[in-house]
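First the structure, in the form of structure tokens, and then the observations on it.
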DNA sequence: TTTGGTTGTTCAAACGTTTGAACAAAAGTA
DNA sequence: TACTTTTGTTCAAACGTTTGAACAACCAAA
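Chains as they are written, first to last, in UniProt numbering: chain A, 1 to 348; chain B, 1 to 348.
What follows is the structure, given as structure tokens:
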């Protein structure tokens, strides 16, 4: 483990000053081509690698971007990170990741860790638990911040989301088209924006089709299999159970399928199902799950682009204006909702 | 975007010197409790956050660990990263991630990027393409390095792997027990250690059961669905096609299922299948895929622990000795291999 | 020959922190 | 009282870069 060569080693070797070396390396116009060449050669010979921290200290940059997600291993987030990483590494940044485990306290701790690490910008998706956004708001004054998917309403922070309202409408439209009429919704927590919007979209689409909104058809759950199964069991015990479920997450939908099967119901004939997010497994389970694709990779990439732009603008001294990007989601119809016989009688 | 408070701001406010502040903050014994308290209070009041880069420059540390994987969104790697992140953030490190996209050139570029970012240690899993390990070997002289899963043979670098040989044996044992006898293997590239070991385990298990090894039953493919499907098609066209396939990856196995279905074969009755890695989708596809679980999260965590220890030892001046950790894999039997009728006639 | 502009380099300070040495004051010991 | 030890702080240098200002050498123009 030999110690690294520095700019002064190069300078000494060449009999010039460190500042000349620095300028040569960064292509300063006043340095002669001759010295430039000599410096590059010497740098190569000494296996010189610039010291990021020294540079960062001097220039006030770290070259680091933080990405905070609830959990890295959920395919939605993993894919979003992939998309973001590609854009960011292309732009010359390194990516630090952190996970909140959907826990508000840990989320805060991790954000502080990112700040301490001197990140130049942060891309985040909120923990499901988080109801107090003030920390994010304060943060956004200090560091360029882009929220994606799990966001909250605030004109001052940039966000990238899918049009969740439209996605929900598409889901309900599709179910209606397939002849379902008693459509329940397994939602996420309404205070998290995308889930709130999906609930709104659900209600609005019901109204559009002249279907009544029934309070007992709406559940708010954490987006995982177990809560999906539990909620579905309760739905099926209602005096008038639903004939279709629009779930705000594929995990919920998958839980619903399990519960339905357990009750001896056939999907999609007895119960139609649409999920949200188009997780990898949704295409591959049986029955495959109809889902609303939210283009996770594009979302991550888009958030990264937005952040990079924002950082550039912020540097120019002028305030950047928070931007909202809204991607248009796409319904992918699969077995869980495609039934042959379409009963079109609306039971009001 | 107000500029951050520094140690000198605190010093000025309190009428003491920066060095006293620094010492107070780090709990130096010679600083009075009185000043310590005052410093902490002032730090809080000024919203002081230590500047990592200045500290890093002075102390020669960055607090950064790099993780390089072929692709973040493969559930195996995502889960491994999750495991590693938890250990590392616990130990006070930040985690930088990078992906090689299984491309040797990009892999190298990303590694250089990590080095430039001044990481104190690297955890990596090799790109499938990589046949020249010298870069890793050189790297391991400069920076603590732990390889996991996709590794190569070298006594000087620490590795964490699953016992791939044993895993392959378990897979074949299981197929034989289920009554299959013409067992093919869709392997990865043999030069990548785990895949090589799986091939060896496959051969050894065949021998153990008195089954012949047939060259035409062994394919080397990139671990994805398409190559799995292609290889399977060719296997099924053989004059004497296999009645079971042990695939070195669940993606390959899944491709095999698709191909088998396309040919009108029933899994597991006509063709038994065992995969490797126990990906998330394997439990949920239909038929669900029997797979060898390699404890991805534990693997990531284990690699992180090893790295942390190695860095500590390296600091003490004495050379660390490369360690090899081998986790024991577990076969998880599912529909793709559990057939009711066990034909036990061995066709030699 | 003076004046002015290039060109290629050096100088010196700065970024924010840490750390061993130095120092003064207070306290303890003989 | 004189000496040593302890306590609490300051001093100064260092980590590796960058960068505007300063400077010397040269060339060209008037």
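Glycine is no exception: its CB is placed at the ideal position from the N, C-alpha and C atoms.
Beta-carbon neighbours of residue i, restricted to chain A and to distances below 7 Å
| i | result |
| --- | --- |
| residue 57 of chain B | 53, 54, 57 |
| residue 94 of chain B | 96, 113, 117 |
| residue 335 of chain B | In chain order: nothing, as chain A lies at least about 10 Å away. |
| residue 121 of chain B | Those within 7 Å of residue 121 of chain B in chain A number zero; the least Cβ separation is about 12 Å. |
Neighbouring residues, chain B, relative to residue i (Cβ below 8 Å)
| i | result |
| --- | --- |
| residue 280 of chain A | 75, 280, 281 |
| residue 85 of chain A | 72, 97, 98, 99 |
Backbone secondary structure at residue i - three-state DSSP
| i | result |
| --- | --- |
| residue 290 of chain B | strand |
| residue 64 of chain A | strand |
| residue 182 of chain A | coil |
| residue 198 of chain B | helix |
| residue 339 of chain A | coil |
| residue 4 of chain B | coil |
| residue 40 of chain B | helix |
| residue 281 of chain A | helix |
| residue 94 of chain B | strand |
| residue 101 of chain A | coil |
| residue 350 of chain A | The requested residue 350 of chain A is not part of the displayed model; chain A covers only 1 to 348. |
| residue 46 of chain B | coil |
| residue 309 of chain B | helix |
| residue 332 of chain B | strand |
| residue 187 of chain A | strand |
| residue 72 of chain B | coil |
| residue 9 of chain A | helix |
| residue 161 of chain B | strand |
| residue 30 of chain A | coil |
| residue 81 of chain B | helix |
Close beta carbons around residue i, own chain, < 6 Å, minus the five adjacent residues each side
| i | result |
| --- | --- |
| residue 304 of chain B | 84, 87, 88 |
| residue 227 of chain A | 221 |
| residue 23 of chain B | 31 |
| residue 261 of chain B | none |
| residue 36 of chain B | 24 |
| residue 340 of chain B | none |
| residue 8 of chain A | 18 |
| residue 66 of chain A | 96, 114, 119, 122 |
| residue 213 of chain A | 203, 206 |
| residue 91 of chain A | 308 |
Check: residue i C-beta below 7 Å from any heavy atom of the ligand COA
| i | result |
| --- | --- |
| residue 307 of chain A | Within the structure as shown, the ligand COA is missing, as the structure has no ligands at all. |
Within 8 Å, strictly: CB atoms of residue i and residue j
| i | j | result |
| --- | --- | --- |
| residue 198 of chain B | residue 77 of chain B | no |
| residue 100 of chain A | residue 68 of chain A | yes |
| residue 157 of chain A | residue 140 of chain A | yes |
| residue 246 of chain B | residue 185 of chain B | yes |
| residue 79 of chain B | residue 337 of chain B | no |
| residue 268 of chain A | residue 292 of chain A | no |
| residue 259 of chain B | residue 233 of chain B | yes |
| residue 61 of chain B | residue 112 of chain B | no |
| residue 225 of chain B | residue 202 of chain B | no |
| residue 110 of chain B | residue 64 of chain B | no |
| residue 171 of chain A | residue 285 of chain A | no |
| residue 281 of chain A | residue 280 of chain B | yes |
| residue 306 of chain A | residue 160 of chain A | yes |
| residue 73 of chain B | residue 249 of chain A | no |
Cut-off 7 Å between Cβ atoms - residues of its own chain near residue i, not counting five sequence neighbours on either side
| i | result |
| --- | --- |
| residue 130 of chain B | 104, 107 |
| residue 192 of chain A | 126, 128, 150 |
| residue 173 of chain B | 205 |
| residue 48 of chain B | 5, 10 |
| residue 344 of chain A | In this prediction, residue 344 of chain A scores a pLDDT of 49, lower than 50, which makes its location untrustworthy; no coordinate-derived value is stated. |
Residue i: contacting residues in chain B (beta-carbon distance under 7 Å)
| i | result |
| --- | --- |
| residue 49 of chain A | 115, 116 |
| residue 79 of chain A | 73 |
| residue 284 of chain A | 281, 284, 285 |
Under 8 Å by beta carbon: chain A residues contacting residue i
| i | result |
| --- | --- |
| residue 225 of chain B | The contacting residues do not exist; residue 225 of chain B stays about 10 Å from chain A at best. |
| residue 82 of chain B | 71, 72, 73, 99 |
| residue 89 of chain B | 98, 110, 113 |
Contacts that residue i makes with chain A (C-beta to C-beta distance below 9 Å)
| i | result |
| --- | --- |
| residue 63 of chain B | 116, 117 |
Close Cβ partners of residue i (< 8 Å) along its chain, the five nearest in sequence each way excluded
| i | result |
| --- | --- |
| residue 51 of chain A | 4, 6 |
| residue 14 of chain A | 21, 35, 38, 39, 42 |
| residue 333 of chain B | 174, 290 |
| residue 165 of chain B | 197, 198, 200, 201, 204 |
**OP:** Could you pull out every unbroken beta strand (DSSP E) segment of at least 3 residues lying fully inside the segment 221–277 of chain B, listed in chain order?
**Re:** 244–247, 272–276
Subject >> Every unbroken beta strand (DSSP E) inside the segment 111–157 of chain B [3 residues or more] >> reply: DSSP runs (the beta strand (DSSP E)) wholly in the segment 111–157 of chain B: 121–124, 145–148.
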